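A quick write-up on the structure given underneath.
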Amino acid sequence: MRTLLTLIIFVLVSCGDSSPDIVKEDVEPPELSFSSKPTDEQVLSFLKKEGRYDIELTKDGGKYSTYELRKRWQKGYAYKINANIKQSPDAVLQVGGFVRFEVNGSNYDFAAIKQLTTQITGLEPPKEEILLGIINNNMQKFHSNYRNIVFEQPLIKLPENVEDRTIFWHSSLSFSISFNMTFYTKSGGSKIDKKHCVKKIRFYRKDVNSPFDKLLQQGNQCETLESKRYSYDEFDKIPSLSIIKAKS
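Given below as structure tokens:
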């Protein structure tokens with residue numbers, strides 16, 4: 005007879021209490037091979053670990069694929085666990101991925117648990133003015149064509165719509181957020197365009213006790229609001245902000 009293991013899993017209280025109850029549950033160690041496609045309960049047996057809660061599987065029937073002539077079947081999952089961040093004890097780590105099985109005839113043999121996504125909730129982001137300061141110190145990374153900006157400093161700010169200000173925490177050391185940018189820039193054919201861009205920016209810091217100081221542009225969607233053509237002589241005489249800044 006197999007030895008029973010006692011695992012502690014978390015479940016949310018149905019009455020709406022935000023803190024999960026701890027429920028002890030006796031389960032057998034997960035089997036590694038099944039004579040037919042694993043049930044949801046059998047797949048969940050690979051995911052139940054101490055501290056994890058809100059463990060869910062995708063509602064579909066799983067997905068089949070073939071790799072190097074080997075047939076595979078996988079089922080997506082998601083769960084939550086405390087992020088274990090000393091400065092933010094209530095922060096939650098959300099994990100997503102899939103459990104994979106190799107299909108050999110009618111048998112389904114466990115192969116791997118793959119983690120695809122992580123997101124942390126419950127962390128307090130830096131204030132907007134701090135983020136703008138980081139951007140000003142890294143303009144070339146924020147906008148690669150910064151050298152072509154003319155007339156005035158670009159207007160950079162967070163979106164007015166609260167939903168568009170959503171922050172995605174990849175870890176306690178990195179998060180992504182979108183910024184709006186409106187500016188004038190030189191373009192081909194001696195034209196100057198007024199553009200509006202939505203930029204998805206990822207910020208980084210060295211450790212949880214250090215300030216955020218680095219950034220990387222992850223996405224950039226722009227539209228031209230207006231355009232004006234100049235003569236070649238006029239166009240050449242219009243200095244870019246980077247040149248003005250260098251001279252000053």
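Count along the sequence shown from 1, then add 4; that gives the number in our numbering.
Just so you know, even glycine gets a beta-carbon here, dropped at the ideal spot from N, CA and C.
Bear in mind the structure is a predicted one, so any value in this text is a computation, not a measurement.
DSSP-derived helix/strand/coil call for residue i
i, result
"V31", "Low local confidence applies: a pLDDT of 44 at V31 is under 50, so the model's placement there is unreliable, with the coordinate-based value given in what follows. V31 falls in the strand class under three-state DSSP."
"V99", "strand"
"K41", "coil"
"I26", "Any reading at I26 is ruled out, since the residue's pLDDT is 28, under 50, leaving its predicted position unreliable."
"D211", "coil"
"L159", "strand"
"D94", "coil"
"Y236", "helix"
"I171", "coil"
"K145", "helix"
"I205", "strand"
"E128", "coil"
"I138", "helix"
"E164", "coil"
"K199", "strand"
"E106", "strand"
Alpha-carbon spacing of residue i relative to residue j, whole angstroms
i, j, result
"C201", "G223", "10 Å"
"K199", "S191", "11 Å"
"L36", "Q123", "29 Å"
"T121", "E238", "51 Å"
"K75", "L61", "21 Å"
"I248", "W173", "37 Å"
"P4", "F155", "This structure does not reach residue 4, given that the chain is present from 5 up to 252, and the question cannot be answered."
"E230", "F216", "35 Å"
"I139", "S178", "15 Å"
"F105", "F38", "10 Å"
"N111", "P42", "10 Å"
"Q45", "A87", "Correcting the residue identity first, residue 45 is Glu in this sequence and not Gln. When rounded, the distance between both Cα atoms is 26 Å."
"E54", "K118", "18 Å"
"Y188", "I196", "7 Å"
"N141", "K90", "29 Å"
"I153", "K131", "26 Å"
"I85", "T228", "44 Å"
Residue i, buried or exposed, once every other Cβ within 10 Å from all chains shown has been counted against 16
i, result
"L159", "exposed"
"R233", "exposed"
"S176", "buried"
"K135", "Here residue 135 turns out to be Leu, not Lys, going by the sequence shown. Buried, since its Cβ has 16 or more Cβ neighbours within 10 Å."
"Y83", "buried"
"G66", "buried"
"L219", "buried"
"T170", "exposed"
"L73", "exposed"
"K47", "In the sequence as presented, Lys is not what sits at residue 47; that position holds Val. When all chains shown are included, V47 counts as buried."
"K79", "buried"
"Y71", "exposed"
"Y68", "exposed"
"Y3", "Residue coverage of the chain in this structure runs from 5 to 252, which leaves residue 3 outside it and unanswerable."
Residue i, enclosing beta strand (DSSP E) - first and last residue
i, result
"Q123", "111-125"
"L245", "Looking at the DSSP string, L245 is not in any beta strand (DSSP E); the run it does join, the alpha helix (DSSP H), is 245-251."
"L219", "218-233"
"I59", "57-61"
"N86", "74-86"
"N184", "178-191"
"K67", "67-71"
Contact with chain B by residue i, beta-carbon distance below 8 Å
i, result
"E167", "The displayed structure is made up of one protein chain only, and chain B is not part of it."
8 Å contact criterion, which residue i and residue j should meet: CB distance rounded
i, j, result
"N184", "K204", "N184 to K204, Cβ: 11 Å. No contact."
"Q157", "Y150", "The Cβ separation is near 11 Å, so there is no contact."
"F50", "V107", "Contact doesn't hold; Cβ gap of about 16 Å is too wide."
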